[in-house]
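Visitor: Chains as they are written, first to last, in my numbering: chain H, 210 to 521; chain R, 6 to 233; chain A, 798 to 1085.
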Amino acid sequence: MASSPGKQPAQPELESIVRGNRRSDLVMAGIGMIVLLVAMALLAAVFIDLAVKGWPRLINPDFYINFPSRHPEQAGILSAAVGTTLVMLVTALVAIPLGVAAGVYLEEYAARSWITDVIEINVSNLAGVPSIIYGLLALGLFVHAFGLGETILTAGLVLALLILPVIIVATREAIRSIPLELREAAYGLGADKWQTVRLYVLPAARPGILTGAIVGLARAIGEAAPVITIGALTFIAFLPPPPVQAQPPFINFEWLSSPFTVMPIQLFNWVSRPQAEFHINAAATGVVLMVMTLGMNGLAIYIRYRLRRDAR
Amino acid sequence: MADKHTLRIFDEDLEKLRAEVIKLAGQVEDELTRALTALISGDHNLAREVIASDRQADALQDAINVHTAHVLARQQAMASDLRAILAASRVAPHLERIGDYAKNTAKRLQRLSTPIDPDMTAQFYWMGERIKSMLRRVTDAYMRDDAELANVTWADDAELDAVYSRLFERLLNIMRDDNKRVADGTQLLFIAKGLERAGDHVTDIAEEVYLMVTGKPLQGPRPKVEEA
Amino acid sequence: MQTLNAMHSKKPDKIPMKNINETVYVTSGADAAAAASNTLRADVKSLSFWYGENRALSSVSMPVWDRKITALIGPSGCGKSTLLRSFNRMHDLYPGNRYDGEIRLYPEDRNLIEMDPGLVRLRVGMVFQKPNPFPKSIFENVAAGLRVRGIHRRAVLDERVEKSLKDAALWNEVKDRMHDSAYSLSGGQQQRLCIARALAPQPDLLLLDEPTSALDPIATAKIEDLLTGLRQSVTVIIVTHNMQQAARISDLTGYMHMGELIEYGDTGELFTNPREKRTSDYITGRFG
């Protein structure tokens, strides 16, 4: 401002600028608030609609401990819930270590070259590939070529593939956000690259990595398309063998090769029945699925909050 | 100044400087003692030692000058610290001058043809002792940041001036009565004047110490007896 | 004024005599003798450095005396940090950097520039501009350098951690909360923690890159005090943009400008009677 000191006329001009700024702030805040409210309202409407429709089943304990049935009032989600849990277990155990390892490699070890550039672009693009394509890939590769069959293992692997790009990208972002000073501190102490990554970079990146992993799993839990493609059953009245047993060696892996169903498929199955009573079951399943998804997202937020608080 | 600095090396620097000033004061007091002993006993060997040892006082003063500059350059001294550093640089030249008067005493006594009268010896002895006790007290005041002690010492100079005036009078009379004693009398007159000047330097030091401790100059008329 | 040759003659026999002719070591005065009577810890010889095409250091030569605090001062971009980070080969973490010349490391007389960077960093500790503790407990932060060296025995760790924290003047403030997060400490405490962390592996050389620039005056004074206490046991090189800090705590000061070491010598002497006009202009505030 080249106004000479002591001259009054500059003042009103500045005040009008400040007023203008304040007005545009208010307008932007208002628009943002409206958009947010619309989104929240839509989600709430879906949730409430499902909850009201499915209410009679939601409050019935049988719904949670019964197998599916031809009689809508007896049908439950037990096998679907167990199936979903086991498939998620496989997905998590496969996707998180692989995704983190790939992210660490790309971020810390890979030399900058056109190959890494290509890999990077591919990883980003994979996140946008429709999930049914993964299903087709798994059908060809896991089910037929590897002969793994329509099993929990196959489903876990395909969902792991599906969320791998999410975890890789989240890991890279988390590692990249570690301040340079922390790295230099570790190297300055004489740590080598692996010590630096293992002891200092990864622990500091944990909140971001875990958040990415949980958001990925929350996405996987709702996927029906790839699981249907590989041929999951829609009506199943038994549970896979339990992963733990009373006799040594206490753990068994037979469950991996068991047929299964998952919640989205159960939901899809019920909703495509002509009888209206099954639609009540479908609505109730939808509520449970949403609660699970929101619960996992909530967990991600909580973990991030806890770890960030510990770290700062 | 009992509180330590967070940066202990600063304390060390200040203490080192103060210790050097105190060491110089000790050196000068020692020179005075030996110069007067030589004067009273007519010991020319001792006189030569005094003259030689004054070089150490000069060297100490040079060192204080250099160190004062270093401390000023290195530490951003403020308030009492700044006054302490300034005091060191201003007290040292006074001490060095007192050493010079001791050296001059030693030089002049070598030119005396006859020993001094015993009753006059007592007056020189008294002056020397007086200066030394003032010097000790002002050094104590400097060492302990004692403004009160510095103030008292400042007032002491009056008596010294009075004794000097009487001695001056007597030497003048002696020279008037016996012109063979003019040469010796003149030497003694310069020695007496030197001792009187040494006393003035001690009072100057007292002023510097008072300023260092309180941050204010010593007020009031300077005690002074009319010179004859 | 003494040349290096004169001073080398005072070194113990195990350090080989070397012939450095051009370098004039501008020390004289009272404290110079003390500096000169010491042994060399490192000796930079005609060191040049390039960031890609940009030359950041031009043939710098300077002796680093054992158990002294050496300060590097100069305007921004003068190369003082570049020189400091050459001592632990920090530049090697980034591509495109190039050294020319030598930094001899004593007593074994090896060129640090040709050693494995990891090995160099195991011997040369570093403290950075911003406090950068790890997101771990206070104890684990100080133990970090020991763990990197494969030291995991509890008794050894306990002892070394305690000693380092005492040396860094932090022990009394943290001894009852060793397992709290390092981030629970104040900025000044964090920086002292970083100093303790660097001291724990007992480095031959401790590098500090403007360690107090992010701290308030009191925290700064505490760190300056602990640094002056350290020189009984550690050789320290400190880069500081704060000329007064160099004056306060260092034994030797080097003034750098445009990648060159303009003047290097006893701190008291350099700040009261610099030999180079450029040094004088800088320290008296007559510089650009």
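C-beta: ideal position from N, C-alpha, C; glycine also.
Only a predicted model underlies this, so the values are computations on that prediction, with no experimental measurement involved.
Along the chain, where does the beta strand (DSSP E) containing A868/A start, and where does it finish?
Guide: In the third sequence, the residue the question calls residue 868/A occupies position 71. 866-870 is the span of the beta strand (DSSP E), which, as asked, contains A868/A.
Visitor: Check whether chain A comes within 8 Å of I14/R, counting only Cβ atoms and requiring the distance to be less than that.
Guide: For the purposes of this step, residue 14/R is taken as the residue at position 9 of the second sequence. Yes - at least one Cβ of chain A is within 8 Å of the one on I14/R.
Visitor: Buried or exposed: I286/H, going by 16 or more other Cβ atoms within 10 Å of its Cβ?
Guide: As a first step, residue 286/H is located in the first sequence; it is residue number 77 there, counting from the start. Answer is buried; the Cβ neighbour count reaches 16.
Visitor: Suppose you measure from the CA of D1022/A to the CA of R1028/A; what does that come to, to the nearest Å?
Guide: Residue mapping note: residue 1022/A aligns to position 225 of the third sequence, counting from 1. Residue mapping note: residue 1028/A aligns to position 231 of the third sequence, counting from 1. Distance between the alpha carbons of D1022/A and R1028/A: 11 Å.
Visitor: Short of 7 Å in beta carbon distance, which residues of its chain neighbour V230/R, apart from the five on each side in sequence? Order them along the chain.
Guide: Numbered from 1 along the second sequence, position 225 holds the residue referred to as residue 230/R. Caution applies to V230/R, whose pLDDT of 46 falls short of 50 and renders its modelled position unreliable; the model cannot decide the point.
Visitor: Using the Cβ count rule (16 or more neighbours within 10 Å means buried), how would you classify E1066/A?
Guide: Residue mapping note: residue 1066/A aligns to position 269 of the third sequence, counting from 1. Burial call: buried.
Visitor: Extract the residue ranges of the alpha helix (DSSP H) inside the stretch 269-323 of chain H, only unbroken runs of 4 or more that lie entirely within it.
Guide: 271-274, 287-313
Visitor: Output yes if chain H places a C-beta closer than 8 Å to the C-beta of V861/A; else output no.
Guide: Walking along the third sequence from the start, residue 861/A turns up at place 64. Judged by the 8 Å Cβ criterion, V861/A is not in contact with chain H.
Visitor: Given R484/H, which residues of its chain have a CB within under 8 Å of its CB, disregarding the five upstream and five downstream residues?
Guide: Translated into positions along the first sequence, residue 484/H becomes position 275. As written in the sequence, residue 484/H is Gln, which differs from the Arg given in the question. P281, listed in sequence order.
Visitor: Which of helix, strand or coil does DSSP assign to V96/R?
Guide: Taking the first residue of the second sequence as 1, we reach residue 96/R at position 91. Correct three-state label for V96/R: helix.
Visitor: Please list the terminal residues of the continuous beta strand (DSSP E) segment that includes T380/H.
Guide: As a working mapping, residue 380/H is identified with position 171 in the first sequence. From DSSP, T380/H is part of no beta strand (DSSP E) but of the alpha helix (DSSP H) over 361-385.
Visitor: Which two residues bound the contiguous alpha helix (DSSP H) that contains A400/H?
Guide: Here the question's residue 400/H lines up with position 191 in the first sequence. Run containing A400/H: none; DSSP gives neither H nor E here.
Visitor: Quick one: which chain R residues come within Cβ less than 9 Å of K963/A?
Guide: Translated into positions along the third sequence, residue 963/A becomes position 166. What K963/A touches in chain R: nothing, since even the nearest Cβ is about 15 Å away.
Visitor: Is the closest heavy atom of the ligand FAD to the C-beta of R882/A under 7 Å?
Guide: In the structure on display, the ligand FAD does not appear, and there are no ligands present to speak of.
Visitor: Give a yes or no on whether the minimum CB-CB distance between Q80/R and chain A is below 8 Å.
Guide: Locating residue 80/R in the second sequence gives position 75, counting from the first residue. Output row for Q80/R: interface = yes.
Visitor: Which of the three DSSP states is assigned to N894/A in this structure?
Guide: Along the third sequence, one-based indexing puts residue 894/A at 97. Here N894/A sits in strand by DSSP.
Visitor: Using the three-state DSSP reduction, which class does L223/R fall into: helix, strand or coil?
Guide: Within the second sequence, residue 223/R is the residue found at index 218, counting from 1. Coil, per DSSP.
Visitor: Check each candidate in T879/A, S934/A, S1010/A, L1024/A and name the one with the smallest Cα separation from A12/R.
Guide: Mapped onto the second sequence, residue 12/R falls at position 7. Checking the sequence, you will find Leu at residue 12/R rather than Ala. If we check each option's Cα against that of L12/R, L1024/A comes out closest.
Visitor: Can you tell which of H1054/A, M1055/A, G1056/A, P1071/A has its C-alpha closest to the C-alpha of G1062/A?
Guide: Position 265 of the third sequence, counted from the first residue, corresponds to residue 1062/A. If we check each option's Cα against that of G1062/A, P1071/A comes out closest.
Visitor: Give, in chain order, every unbroken run of the alpha helix (DSSP H) that is at least 4 residues long and sits entirely within the stretch 90-163 of chain R.
Guide: 123-149
Visitor: Which residues share a DSSP beta bridge with R907/A?
Guide: Within the third sequence, numbered from 1, the residue matching residue 907/A stands at position 110. BP columns for R907/A point to L902/A.
Visitor: Taking only beta-carbon positions, decide if P1071/A is within less than 8 Å of chain R.
Guide: What you label residue 1071/A is simply residue 274 of the third sequence in a count that begins at 1. Not an interface residue.
Visitor: Specify the secondary structure class of F884/A as computed by DSSP and reduced to three states.
Guide: Mapped onto the third sequence, residue 884/A falls at position 87. Three-state result, F884/A: coil.
Visitor: Mind checking F191/H: buried by the 16 CB within 10 Å criterion, or exposed?
Guide: No statement about residue 191/H is possible, as the shown extent of chain H runs from 210 to 521 and does not include it.
Visitor: My understanding is that A78/R touches T1069/A, with C-beta atoms under 8 Å, so please give their C-beta distance in whole angstroms.
Guide: What you label residue 78/R is simply residue 73 of the second sequence in a count that begins at 1. What you label residue 1069/A is simply residue 272 of the third sequence in a count that begins at 1. About 5 Å separates the two Cβ atoms, so the contact holds.
Visitor: Using beta carbons (cut-off 8 Å, strictly below), is A93/R in contact with chain A?
Guide: In the second sequence, residue 93/R corresponds to position 88, counting from 1. No, A93/R lies away from the interface with chain A (no Cβ there is under 8 Å from its Cβ).
Visitor: Here's the rule I'm using: 16 or more other beta-carbon atoms within 10 Å means buried, otherwise exposed. How should M242/H be labelled?
Guide: Taking the first residue of the first sequence as 1, we reach residue 242/H at position 33. The residue in question, M242/H, is exposed, as its Cβ has fewer than 16 Cβ neighbours within 10 Å.
Visitor: Quick check on this structure: which residue in G431/H, A250/H, R517/H, I372/H has the alpha carbon closest to the alpha carbon of A304/H?
Guide: The residue labelled residue 304/H in the question sits at position 95 within the first sequence. Looking only at G431/H, A250/H, R517/H, I372/H, the smallest Cα-Cα distance to A304/H is reached by I372/H.
Visitor: Going along the chain, which residues of the stretch 975-1006 of chain A sit with their C-beta nearer than 8 Å to a C-beta in chain H?
Guide: S978, Y980, C991, R994, A995, P998
Visitor: From the DSSP output, in three-state form, read off G504/H for me.
Guide: In the first sequence, counting from the first residue as 1, residue 504/H sits at position 295. Residue state, collapsed to three classes: helix.
Visitor: Please tell me whether A197/R has its Cβ less than 8 Å away from any Cβ of chain A.
Guide: The residue labelled residue 197/R in the question sits at position 192 within the second sequence. Not closer than 8 Å to any Cβ of chain A, the Cβ of A197/R fails to qualify, so no.
Visitor: Establish whether the CB of A97/R and some CB of chain A are separated by less than 8 Å.
Guide: For the purposes of this step, residue 97/R is identified with residue 92 of the second sequence, where counting begins at 1. Output row for A97/R: interface = no.
Visitor: Does any residue of chain A have a CB that is nearer than 8 Å to the CB of E382/H?
Guide: Mapped onto the first sequence, residue 382/H falls at position 173. With 8 Å as the cut-off, E382/H does not count as an interface residue toward chain A.
Visitor: Which of the three DSSP states, helix, strand or coil, is assigned to D8/R?
Guide: On the second sequence, position 3 is the one that residue 8/R refers to. In the three-state reduction of the DSSP assignment, D8/R falls in the coil class.
Visitor: Which of helix, strand or coil does DSSP assign to L982/A?
Guide: If you number the third sequence from 1, residue 982/A lands on position 185. Three-state result, L982/A: coil.
Visitor: Assuming contact is defined by CB atoms lying nearer than 8 Å, are V313/H and V406/H in contact in what I supplied?
Guide: As a working note, residue 313/H is residue 104 in the first sequence. As a working note, residue 406/H is residue 197 in the first sequence. Yes. Within cutoff.
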